[in-house]
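Enquirer: Heads up: the sequence shown at position 535 corresponds to 536 in my numbering, and the numbers run straight through without jumps.
Before anything else, here's the structure in question.
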Amino acid sequence: MHSSNVPALAARYWAAILIASLLGTTTGDFVAKTLKLGVAGALLPLGVLLALVLILERRGSVASEVYYWVAVIIARTAATTLGDFVSDDLKLGFGWGSGVVAVGFALAFLVSRLRRARPSAAPSPDLAGAAKSLPPTTTGYWVLIVIASTLGATVGDFLAESLKLGVGLASLLLGAALALVWAFEGRARTSNDVRYWIAIIVTTAVGTTMGDLLTGKEGLNLGFRWGAASLTFLLVVVLRRMGRQHAGDFSQHPTISAAWGMAVNDVAVWLRSPAAIAASLLPALGMGVLVAMLTASVGRQPVALVVEGQGKHSARMARILLGDEDAYIMKKMSAADAEKAFGEQRVAAMIVVPENFDWAVYRSDGMVDLYLNNINIDIADDLRRAVTRSVAEFDAPQLGLLGELHGPSVGILLPNVYRVAVAEHDLRDTNVSFLQYQVIPIIVLIAISIGTLGTALLTARDFERSTVKMLVLSPAGRAALVVGRLLGGSLLTVVLIAPLVLLGFLTHGLPFCEEEAELHMPQWAVMLVSGPCGWQLPPVRWTHGVALVALLVAVTLMTVGLGTLLGIVLRDLRVVTMTALNAAAYLFFLGGGFTMVAFLPHWLQVASRFVPTSYAIEGLRQALFYPDLRGVGHDLLVLTGCAALSIVLASATLTRVWRRA
Numbered sequence: 002m003h004s005s006n007v008p009a010l011a012a013r014y015w016a017a018i019l020i021a022s023l024l025g026t027t028t029g030d031f032v033a034k035t036l037k038l039g040v041a042g043a044l045l046p047l048g049v050l051l052a053l054v055l056i057l058e059r060r061g062s063v064a065s066e067v068y069y070w071v072a073v074i075i076a077r078t079a080a081t082t083l084g085d086f087v088s089d090d091l092k093l094g095f096g097w098g099s100g101v102v103a104v105g106f107a108l109a110f111l112v113s114r115l116r117r118a119r120p121s122a123a124p125s126p127d128l129a130g131a132a133k134s135l136p137p138t139t140t141g142y143w144v145l146i147v148i149a150s151t152l153g154a155t156v157g158d159f160l161a162e163s164l165k166l167g168v169g170l171a172s173l174l175l176g177a178a179l180a181l182v183w184a185f186e187g188r189a190r191t192s193n194d195v196r197y198w199i200a201i202i203v204t205t206a207v208g209t210t211m212g213d214l215l216t217g218k219e220g221l222n223l224g225f226r227w228g229a230a231s232l233t234f235l236l237v238v239v240l241r242r243m244g245r246q247h248a249g250d251f252s253q254h255p256t257i258s259a260a261w262g263m264a265v266n267d268v269a270v271w272l273r274s275p276a277a278i279a280a281s282l283l284p285a286l287g288m289g290v291l292v293a294m295l296t297a298s299v300g301r302q303p304v305a306l307v308v309e310g311q312g313k314h315s316a317r318m319a320r321i322l323l324g325d326e327d328a329y330i331m332k333k334m335s336a337a338d339a340e341k342a343f344g345e346q347r348v349a350a351m352i353v354v355p356e357n358f359d360w361a362v363y364r365s366d367g368m369v370d371l372y373l374n375n376i377n378i379d380i381a382d383d384l385r386r387a388v389t390r391s392v393a394e395f396d397a398p399q400l401g402l403l404g405e406l407h408g409p410s411v412g413i414l415l416p417n418v419y420r421v422a423v424a425e426h427d428l429r430d431t432n433v434s435f436l437q438y439q440v441i442p443i444i445v446l447i448a449i450s451i452g453t454l455g456t457a458l459l460t461a462r463d464f465e466r467s468t469v470k471m472l473v474l475s476p477a478g479r480a481a482l483v484v485g486r487l488l489g490g491s492l493l494t495v496v497l498i499a500p501l502v503l504l505g506f507l508t509h510g511l512p513f514c515e516e517e518a519e520l521h522m523p524q525w526a527v528m529l530v531s532g533p534c535g536w537q538l539p540p541v542r543w544t545h546g547v548a549l550v551a552l553l554v555a556v557t558l559m560t561v562g563l564g565t566l567l568g569i570v571l572r573d574l575r576v577v578t579m580t581a582l583n584a585a586a587y588l589f590f591l592g593g594g595f596t597m598v599a600f601l602p603h604w605l606q607v608a609s610r611f612v613p614t615s616y617a618i619e620g621l622r623q624a625l626f627y628p629d630l631r632g633v634g635h636d637l638l639v640l641t642g643c644a645a646l647s648i649v650l651a652s653a654t655l656t657r658v659w660r661r662a
């Protein structure tokens, strides 16, 4: 393409490329799913159209970016069809399909670099002297655009469908990644092909999930007509209103440039401080390990099962006991091995189905022996209840575990010699494990620790090292510096929190995290390998994903403001570290870190209403684990108010202190 027809590589370009990707996803789904043209029927006319656009551009006498953007939309449409071909027709799936396309892109990129005769296309006349420009828009460039867009499409579908995150949550996670990629691209002074193509792949991945969100049934369900029309209108508005000259150049906005520069500098300083990162993460992660160990040691006790009877009733009783995995880890042993393990306290209990069990059942006098290591009443009662339930299930199936969950309350009636059963009516439609339930307070604790300690240390560092005077004497205004400090604290919290939350959703793709997975390795190795599974977060709908992000953002802003205030008041790094960590611990426990606030004594319930983290924990649990968003609006309102108050106080105090410095 002629340089006059190529857009500038700036903020305007990236906004337009995202919208064009959304539009290409919509048209691609229309061609592939609605028209059902197939790969050959779709790629052939799309290839002809792309070639026609490029020929018209070369022969045209009027300079216009329309050629470039039409070519991008056509290439993105073809990429959607290719992505479906790789994953569906070739039956590679989205995971292996992404790997194959990634290898193809790497080879095509390497060939393009080897064949390139000049380093980059000449910049547009209106960008004379600019250091950043697109790669040369030759035929090889358009081949790479198609392959990169195909890779973005398969990666987006992999996150949304294979990992079962849903298009909403996948869009949010990819959007966060895209913001980081764009931030690095925006700060760069020169062009870089690798950085450019990474940004293109991530942008098209976001376009894939967001396109499905706009037009699909899981989202706004706009359909092809309304979706394509609205995206086309939005693309025209962005291209015309944002303009070409100086698009995205922060040098034209010194206040924004100063604030962004200070924020990036704060993040860089923080990331170069491993001790500060460890002080923020280790207490919270240690609390998570403690919760996991308590869950494993209290909820799932090792129990030895000895089956001495040889009849069908003995075998049935053994199957019932072994099937109740909700309360204990049962292992069949011989009588000698079980007695030895019980004597050495390697098992919490020993259950014996005696040799005369079948004959005793015929005489209505059957009995199972429970040898219990009643070291404390909590463990003992858990085992007593579980064994009693299993014994009752022998004659009354609906009194067992499955009967409790799916018994008379849903109209399932089975013979019951006890004449009384339990009809359970659940308040919620889902069941959440205790460990999953406790992941939420850990996430909140990490956000509090990083936001509070990180911003407090950065602020105190300025006073301790007397860099406050340098900040005050800088040409940037105080308002820009205050915004930069608060923005830096927010960014560093996001940089460390986002990967942890993403890990919670990605564990669904780990094969050893499946319930039926069998790992043939030592117990210590099983615990080590399956450790990330305890961090597992359930897939959520896009509305719940939006609520999840909003709650985390409100918590982040609130803690950043609090950390700034601590740094101003204390001004000593050691005192700040001790105070911030203790404040985070108090906010964690009073907010319901280890239990439900509603089940605490009344005076603690009243006290927790004045602790913002209680609203964060309740709101995040509701958004992640339950089908409705009941109470989330109220929780978000309280957190937003606390965040606004925290930010206003921190800004006013920081401005006043710097003025006096």
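Here a beta-carbon is modelled for each residue, glycine too, at the ideal position from N, C-alpha and C.
(1) Exposed or buried, which one is tryptophan 604 when buried takes at least 16 other CB atoms within 10 Å?
(2) Using C-beta distances below 6 Å, list every residue in its chain close to aspartate 158, excluding the 5 sequence neighbours before and after it, in chain order.
(3) If you measure between the beta carbons of methionine 318 and valine 292, is that distance less than 7 Å?
(4) Could you tell me the alpha carbon to alpha carbon distance between glycine 632 and valine 445, rounded to whole angstroms?
(5) Which word fits alanine 72, buried or exposed, when buried means at least 16 other C-beta atoms lie within 10 angstroms of its C-beta?
(6) Please work out which residues of its chain come closer than 7 Å, Cβ to Cβ, to glutamine 346, disregarding the five sequence neighbours upstream and downstream, and give them in chain order.
(7) Could you please give the first and the last residue of the uninterrupted beta strand (DSSP E) stretch that includes methionine 331?
(8) Hey, how far is the Cα of alanine 9 from the Cα of serine 134?
(9) Suppose you measure from the CA of glycine 324 to the CA of phenylalanine 506; what does that come to, to the nearest Å?
(10) Please name the residue, chosen from Val423, Val7, Thr26, that lies closest to glutamate 394 on a Cα-to-Cα basis.
(11) Write down every uninterrupted run of the alpha helix (DSSP H) in the region 253-331 whose length is 4 residues or greater and which is fully enclosed by it, in chain order.
(12) Mark glutamine 623 as exposed unless 16 or more other C-beta atoms lie within 10 angstroms of its C-beta, in which case mark it buried.
(13) Going by other Cβ atoms of all chains shown within 10 Å of its Cβ, with 16 needed for buried, is methionine 294 buried or exposed?
(14) Where threonine 557 and glutamine 537 are concerned, what is the direct C-alpha to C-alpha distance, given to the nearest angstrom?
(15) Closest to threonine 460 by CA distance: which of Leu487, Pro442, Ser434, Gln439 is it?
(16) On a Cα-Cα basis, can you pick out the residue from Ser652, Pro540, Asp636, Gly620 that is closest to glutamate 162?
(17) What does the Cβ neighbour count give for aspartate 463, buried or exposed, with the cut at 16 atoms within 10 Å?
(18) Between the beta-carbon of serine 274 and the beta-carbon of isoleucine 451, is there less than 7 Å?
(19) Given leucine 650, which residues of its chain have a CB within under 8 Å of its CB, disregarding the five upstream and five downstream residues?
(20) How would you call glycine 169, buried or exposed, if buried means at least 16 neighbouring beta carbons within 10 angstroms?
(21) Per DSSP, what kind of secondary structure is alanine 350 in: helix, strand or coil?
(22) Take glycine 620 and list the residues in its own chain whose beta-carbon comes closer than 8 Å to its own, dropping the five residues that flank it on each side.
(23) Helix, strand or coil for phenylalanine 251? Go by DSSP, reduced to three states.
(24) Considering only DSSP beta bridges, list what aspartate 194 is partnered with.
(25) Is it the case that the Cβ atoms of proline 442 and glycine 564 are separated by a distance below 7 Å?
(26) First and last residue of the alpha helix (DSSP H) that includes alanine 359?
(27) Whose C-alpha, out of Asn266, Arg610, Gly25, is nearest the C-alpha of alanine 154?
(28) State the Cα-Cα distance for the pair threonine 209 and leucine 236, rounded to the nearest angstrom.
(29) Closer than 8 Å is the cut-off here; do at least three beta carbon pairs connect the region 482-496 with the region 644-659?
(30) Look at the alpha carbon of threonine 544 and the alpha carbon of valine 369, and state the distance between them as a whole number of angstroms.
(31) By how many angstroms is the C-alpha of threonine 27 removed from the C-alpha of valine 49?
(32) Just to confirm, is the Cβ distance from tryptophan 271 to glycine 455 under 7 Å?
(33) Give me the Cα-Cα distance between arginine 116 and valine 290, rounded to the nearest whole angstrom.
(34) DSSP three-state label for valine 411, please.
(35) For tyrosine 372, which beta-bridge partners are listed by DSSP?
(36) Considering only residues of the same chain and omitting the five flanking positions on each side of proline 613, which have a CB-CB separation below 7 Å?
Expert: On the basis of the data shown:
(1) The residue you call residue 604 lines up with position 603 of the sequence shown. Burial call: exposed.
(2) Indexing the sequence shown from 1 puts residue 158 at position 157. Around aspartate 158: Phe95.
(3) Within the sequence shown, numbered from 1, the residue matching residue 318 stands at position 317. Within the sequence shown, numbered from 1, the residue matching residue 292 stands at position 291. No, the pair does not count as a contact, with Cβ atoms beyond the cut-off.
(4) The residue labelled residue 632 in the question sits at position 631 within the sequence shown. The residue labelled residue 445 in the question sits at position 444 within the sequence shown. If I take the Cα positions, the gap works out to 18 Å.
(5) For the purposes of this step, residue 72 is taken as residue 71 along the sequence shown, with counting starting at 1. The residue in question, alanine 72, is buried, as its Cβ has 16 or more Cβ neighbours within 10 Å.
(6) What you label residue 346 is simply residue 345 of the sequence shown in a count that begins at 1. For glutamine 346, where only same-chain residues beyond five positions count, the Cβ hits under 7 Å are Asn374.
(7) The sequence position of residue 331 within the sequence shown is 330, counting from 1. That run of the beta strand (DSSP E) goes 329-333.
(8) One-based indexing of the sequence shown puts residue 9 at position 8. One-based indexing of the sequence shown puts residue 134 at position 133. C-alpha separation (whole angstroms): 6 Å.
(9) For this step, residue 324 is matched to residue 323 along the sequence shown. For this step, residue 506 is matched to residue 505 along the sequence shown. About 29 Å.
(10) Taking the first residue of the sequence shown as position 1, residue 394 is located at position 393. Nearest C-alpha to glutamate 394 among Val423, Val7, Thr26: Val423.
(11) Runs of the alpha helix (DSSP H) spanning 4 or more residues and lying entirely within the region 253-331 occur at 255-272, 275-300, 313-324, in chain order.
(12) Along the sequence shown, one-based indexing puts residue 623 at 622. So glutamine 623 counts as buried.
(13) The sequence position of residue 294 within the sequence shown is 293, counting from 1. When all chains shown are included, methionine 294 counts as exposed.
(14) Here residue 557 refers to the residue found at position 556 of the sequence shown. Here residue 537 refers to the residue found at position 536 of the sequence shown. Rounded to whole angstroms, threonine 557 to glutamine 537 spans 22 Å at the Cα level.
(15) Numbered from its first residue, the sequence shown carries residue 460 at position 459. Considering only alpha carbons, the answer is Leu487.
(16) As a first step, residue 162 must be located in the sequence shown, where it is residue number 161. Nearest C-alpha to glutamate 162: Pro540.
(17) The residue you call residue 463 lines up with position 462 of the sequence shown. Buried: at least 16 other Cβ atoms inside 10 Å.
(18) Indexing the sequence shown from 1 puts residue 274 at position 273. Indexing the sequence shown from 1 puts residue 451 at position 450. Taking 7 Å as the cut-off, the Cβ atoms of serine 274 and isoleucine 451 do not count as close.
(19) For the purposes of this step, residue 650 is taken as the residue at position 649 of the sequence shown. Closer than 8 Å at Cβ, skipping near neighbours: Gly562, Leu566.
(20) What you label residue 169 is simply residue 168 of the sequence shown in a count that begins at 1. Counting Cβ neighbours within 10 Å, glycine 169 comes out buried, since at least 16 surround it.
(21) Position 349 of the sequence shown, counted from the start, is the residue given in the question as residue 350. Assigned with DSSP and collapsed to three states, alanine 350 falls in strand.
(22) Counting from one through the sequence shown, the residue named residue 620 turns up at place 619. These residues qualify, in order along the chain: Ala548, Leu552, Gly632, Val633, Asp636, Leu637, Leu640.
(23) Indexing the sequence shown from 1 puts residue 251 at position 250. With a pLDDT of 46 at phenylalanine 251, under the threshold of 50, the predicted position of this residue should be treated as unreliable, though the coordinate-derived value follows. The answer is helix: DSSP assigns phenylalanine 251 an H, G or I state.
(24) On the sequence shown, position 193 is the one that residue 194 refers to. DSSP lists no bridge partner for aspartate 194.
(25) In the sequence shown, the residue the question calls residue 442 occupies position 441. In the sequence shown, the residue the question calls residue 564 occupies position 563. The answer is no: Cβ separation not under 7 Å.
(26) Walking along the sequence shown from the start, residue 359 turns up at place 358. Checking the displayed sequence, the identity of residue 359 turns out to be aspartate instead of alanine. Run containing aspartate 359: 358-363, per the alpha helix (DSSP H) assignment.
(27) Within the sequence shown, numbered from 1, the residue matching residue 154 stands at position 153. The option with the nearest alpha carbon to alanine 154 is Gly25.
(28) Within the sequence shown, numbered from 1, the residue matching residue 209 stands at position 208. Within the sequence shown, numbered from 1, the residue matching residue 236 stands at position 235. For threonine 209 and leucine 236, the distance between alpha carbons rounds to 16 Å.
(29) In short, these stretches touch, since the Cβ pair count reaches three.
(30) One-based indexing of the sequence shown puts residue 544 at position 543. One-based indexing of the sequence shown puts residue 369 at position 368. Distance between threonine 544 and valine 369, taken at the CA atoms: about 51 Å.
(31) Within the sequence shown, residue 49 is the residue found at index 48, counting from 1. Within the sequence shown, residue 27 is the residue found at index 26, counting from 1. So the alpha carbons of these two residues sit roughly 20 Å apart.
(32) Against the sequence shown, residue 271 aligns to sequence position 270. Against the sequence shown, residue 455 aligns to sequence position 454. Going by beta carbons, tryptophan 271 and glycine 455 fall inside the 7 Å limit.
(33) On the sequence shown, position 115 is the one that residue 116 refers to. On the sequence shown, position 289 is the one that residue 290 refers to. Answer to the nearest angstrom: the Cα atoms are 53 Å apart.
(34) Taking the sequence shown and counting its residues from 1, one reaches residue 411 at position 410. With a pLDDT of only 49 at valine 411, under the threshold of 50, the placement of this residue in the model should not be trusted; the figure read from the coordinates follows. DSSP places valine 411 in the helix class (H, G or I) of the three-state scheme.
(35) Counting from one through the sequence shown, the residue named residue 372 turns up at place 371. DSSP output for tyrosine 372 lists Met351 as bridge partner(s).
(36) Locating residue 613 in the sequence shown gives position 612, where the first residue counts as 1. Excluding sequence neighbours, proline 613 sits near Met559, Val639, Leu640, Cys643.
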